[in-house]
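Visitor: Numbering (this note's numbering), first residue to last: 40 to 368. Every residue, glycine too, gets a C-beta built ideally from N, C-alpha and C.
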Amino acid sequence: MKKIGVREVASHARVSVATVSRVLADSGYPVAKATRERVLASVAQLGFVPDLVAKTFATSRTNTIGVAVPVLNTYYAKMLMGIESEATRNGLSILLSIVGNDHDRREAAIDQFLGRRLDGMVVCSGAGDGAMDRGPDIIGIPTVVIGQQPDAGFVSVTVDNHAAGYLATGHLIERGHREIIMLTGNSGWFDFRDRRAGFEARLREQGQDYTGRVIEGAFNEADAYRIVRHLMEEGTSATAILAATDRQALGALAALTDLEVAMPERMAVVGFDNLPTSEFLRPSLTSVDMPADRMGALAIRMIRDFIGPDEIRLVSQILEPRLVVRKSS
40 MKKIGVREVA SHARVSVATV SRVLADSGYP VAKATRERVL ASVAQLGFVP DLVAKTFATS
100 RTNTIGVAVP VLNTYYAKML MGIESEATRN GLSILLSIVG NDHDRREAAI DQFLGRRLDG
160 MVVCSGAGDG AMDRGPDIIG IPTVVIGQQP DAGFVSVTVD NHAAGYLATG HLIERGHREI
220 IMLTGNSGWF DFRDRRAGFE ARLREQGQDY TGRVIEGAFN EADAYRIVRH LMEEGTSATA
280 ILAATDRQAL GALAALTDLE VAMPERMAVV GFDNLPTSEF LRPSLTSVDM PADRMGALAI
340 RMIRDFIGPD EIRLVSQILE PRLVVRKSS
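1. Please go through the region 218 to 306 and give each complete alpha helix (DSSP H) segment of 4 or more residues, from N-terminal end onward.
2. Can you pull the DSSP bridge partners for R361?
3. Give the DSSP bridge partners of I137, in chain order.
4. Tell me which same chain residues have a C-beta within less than 7 angstroms of the C-beta of E359, skipping the five on either side of it?
5. Looking only at its own chain, which residues have a Cβ that is under 8 angstroms from the Cβ of M334, when we skip the five neighbours before and after it?
6. For R361, collect the residues of the same chain with a Cβ closer than 6 angstroms to its Cβ; drop the 5 residues on either side in sequence, then sort them by chain order.
7. Counting only the same chain and skipping the five closest in sequence on each side, list residues whose C-beta sits under 6 angstroms from that of Y264.
8. If we call anything under 8 angstroms between Cβ atoms a contact, is G237 one with F231?
9. Reducing DSSP to helix, strand and coil, say where F345 ends up.
10. Within a Cβ cutoff of 7 angstroms, which residues of the same chain sit near L298, ignoring the five residues on either side of it in sequence?
11. Please state whether DSSP places M160 in a helix, a strand or coil.
12. Below 6 angstroms CB to CB, which residues in the same chain sit around T127 once its five sequence neighbours on both sides are set aside?
13. In whole angstroms, what is the alpha-carbon distance linking D141 and P109?
14. With which residues is T103 paired in a DSSP beta bridge?
15. Could you have a look at A93 and say whether DSSP puts it in helix, strand or coil?
16. Using the C-alpha atoms, what's the distance from Q356 back to E260?
17. Please report the distance separating the alpha-carbon of G256 from that of D262.
18. Under the three-state reduction of DSSP, which class applies to L165: helix, strand or coil?
19. T197 by DSSP, collapsed to three states: which one?
20. Mind checking if L289 is an interface residue toward chain D, Cβ cutoff 8 angstroms exclusive?
21. Helix or strand or just coil, what does DSSP make of G215?
22. For the ligand MN, I want to know if I149 counts as a neighbour, meaning its beta carbon is within less than 7 angstroms of at least one of the ligand's heavy atoms.
23. Mapping DSSP to helix, strand and coil, what is V45?
24. When DSSP labels each residue in this structure, what does T316 get in the three-state scheme?
25. If you follow the beta strand (DSSP E) that I178 is in, where does it begin and where does it stop?
26. Taking just the CA atoms, how far does T58 sit from L320?
27. With respect to the alpha helix (DSSP H) encompassing V78, which residues constitute its N-terminal and C-terminal limits?
28. In the structure shown, what three-state DSSP assignment does I149 receive?
29. Below 8 angstroms CB to CB, which residues in the same chain sit around G192 once its five sequence neighbours on both sides are set aside?
30. Could you spell out the range, first to last residue, of the beta strand (DSSP E) harbouring V184?
31. Using the beta-carbon count (16 or more within 10 Å), is D150 buried or exposed?
32. Considering Cα atoms alone, identify which of L135, I219 and V62 is closest to L242.
33. Between R365 and the rest of its own chain, which residues show a CB-CB distance below 8 angstroms, the 5 nearest in sequence each way excluded?
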């Protein structure tokens, strides 16, 4: 008769080997009650006798964290700096996978991380990412998602994007602007959706004398340049532009500069992300600081705390945005 092992229990319970091992070792990792009961039921049905294998698997360490990022632009580079610095400080190594905003490539990266039995995983989500194929119970290792994401049950580190949109709009209103244009990519994407909601909420509070217009389709600098140039040549009466990212704000500044539009006297510009280049633009760009480096470092600390001797449970964190006022507004 074939010996029943952890893999057979995992297959029977439709979970990962890691999840079975954590349930048997009672490691403290947050496994849903229904999943835990299913694993224990499979153990009983198959007649599996637990030994030290599950305990060893659950407590062994590779001192390596897998990190999946969509792209390596300035924003994610800043995030990776926070991840790498915190990992180095804690004696951890990073296995990096660039998944290119591609769902299948992200799933393949997760497979690679699981195959190497890494200590944990950080998934840096893109604005338009969909849900991962597997939930945290199936993945079975400490996982933190950075950014807005639709994956119920995953622990995440995010910035309050609604508050960010509200804050930036309030700043423009305080500077005397009554008609504001918001440039965004796709308002269905999580970050953009919430920033837009904050923008609209602040305008509603101000009353009917204040108006806002949302223009979608600005996915990069070139799109923003084209849109803003067209608006100015049409003779828009708006006096401020709220760009959903600093990259879009850069395109807006370039168009206004080429048209010799006075900034901020005729047109003020505010962005999001507070990229390192923002203070060196002319005029220097007012931007809402979305602390990518802090989010990266926090994700690593959360995993470190869980895999450490105290096994501190993973809890989602929401960081507050900060407005950095410069000369563009």
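Guide: So, from the data block:
1. Considered as a whole, the region 218 to 306 harbours 229 to 245, 260 to 273 and 285 to 297 as its complete alpha helix (DSSP H) runs of no fewer than 4 residues, in chain order.
2. Bridge partners of R361: D328.
3. V108
4. D199 and A202
5. M118, G121, I185, G186, V196, T197, V198 and L358
6. D328
7. G290, A293 and A294
8. no
9. helix
10. R268 and M271
11. Note: M160 maps to strand in three-state DSSP.
12. Excluding positions up to five away in sequence, the list is empty.
13. Taking C-alpha positions only, D141 is separated from P109 by approximately 8 angstroms.
14. Assignment of beta-bridge partners to T103 by DSSP yields S132.
15. In this prediction, A93 scores a pLDDT of 44, lower than 50, which makes its location untrustworthy; no coordinate-derived value is stated.
16. 31 angstroms
17. 7 angstroms
18. The question names Leu, but residue 165 is Gly in the sequence shown. In the structure shown, G165 sits in coil (DSSP, three-state: anything other than H, G, I, E or B).
19. strand
20. Included in the structure is just one protein chain, with no chain D present.
21. coil
22. Absence of the ligand MN from the depicted structure is noted, as is the absence of any ligand whatsoever, leaving it without description.
23. Look at V45 here: in three-state DSSP terms it is helix.
24. coil
25. From DSSP, I178 is part of no beta strand (DSSP E) but of the alpha helix (DSSP H) over P175 to I178.
26. Rounded to whole angstroms, L320 to T58 spans 50 angstroms at the Cα level.
27. K72 to L85
28. helix
29. A71, G174, P175 and D176
30. T182 to I185
31. exposed
32. Selected option, being the one with the closest Cα: I219.
33. S317, E318, P322, S323, L324, T325 and S326
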